[in-house]
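One structure is given here, and the rest of the page talks about it.
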Amino acid sequence: MKVALLVHGFASKGGKGSTDTLRPYFEQAGYLVYELDYGYTLLPTFTRVNKKLALSWVGWARALAGLQKDLSGGTELVGVGHSNGCAILRLASWLGAPFTQLIFINPALNTKGRKTRIGPTVKRVHVWHSSSDKALRVARFIPFHTW
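Using the working numbering, you'd call the opening residue of the sequence shown number -2 and step up by one each time.
Here it is, written out as structure tokens:
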């Protein structure tokens, strides 16, 4: 059993226009898919919410990985994020969520390397970026963000 966790960005309506559209493709590839929705988050508050979300999902991801291993012997746990969802997944992996792969779509992450540490169980990180993502171009001007 392979598991994929889909996490949307901060200005998304539950991932309907981003990560949720990937669900049928992961299911077709044999993954059990979970959509981890955290609702619509306003710009001034999303950076404070990220750590709380990441911490709460670490225990959930560990339990899911343990159940997955017990039921099928499988250990593949893939985190798929868009924008701020990537920041949450990265932090969750660093705090102990046992992801084996992370897929970042237009990630809201610091590219200078200081804040992009990932957890030790992550074997691969796939990054897909589009220079046409206006939200990310504007985000670089937000002071004191956690990315």
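Glycine included, every Cβ here is placed at the ideal spot set by N, Cα and C.
All of these numbers come straight from a predicted model, not from anything done at the bench.
Simplified DSSP assignment, three categories, for residue i
i: F23; result: helix
i: V119; result: coil
i: G93; result: coil
Span separating the alpha-carbon of residue i from that of residue j
i: V124; j: S80; result: 11 Å
i: L19; j: F96; result: 18 Å
i: R114; j: W91; result: 7 Å
i: A51; j: A84; result: 9 Å
i: M(-2); j: G78; result: 20 Å
i: S53; j: L33; result: 11 Å
i: V122; j: N103; result: 13 Å
i: V86; j: V55; result: In the sequence under discussion, the amino acid at residue 86 is Leu, which differs from the Val named in the question. Near 9 Å, if we compare the C-alpha coordinates of V55 and L86.
Delimiting residues of the beta strand (DSSP E) encompassing residue i
i: A1; result: K(-1) to V4
i: H79; result: L74 to H79
i: L99; result: Q98 to I102
i: L33; result: From DSSP, L33 is part of no beta strand (DSSP E); its letter is neither H nor E.
Residue-chain proximity (residue i, chain C), Cβ-Cβ < 9 Å
i: V30; result: The structure shown contains no chain C; it holds only a single protein chain.
Nearest-angstrom beta carbon gap, residue j and residue i [assumed within contact, 8 Å]
i: L88; j: V119; result: Contact doesn't hold; Cβ gap of about 12 Å is too wide.
i: L29; j: V0; result: 5 Å
i: L2; j: G76; result: 5 Å
Beta-carbon gap between residue i and residue j smaller than 9 Å
i: F23; j: A105; result: no
i: T16; j: G93; result: no
i: A60; j: L74; result: no
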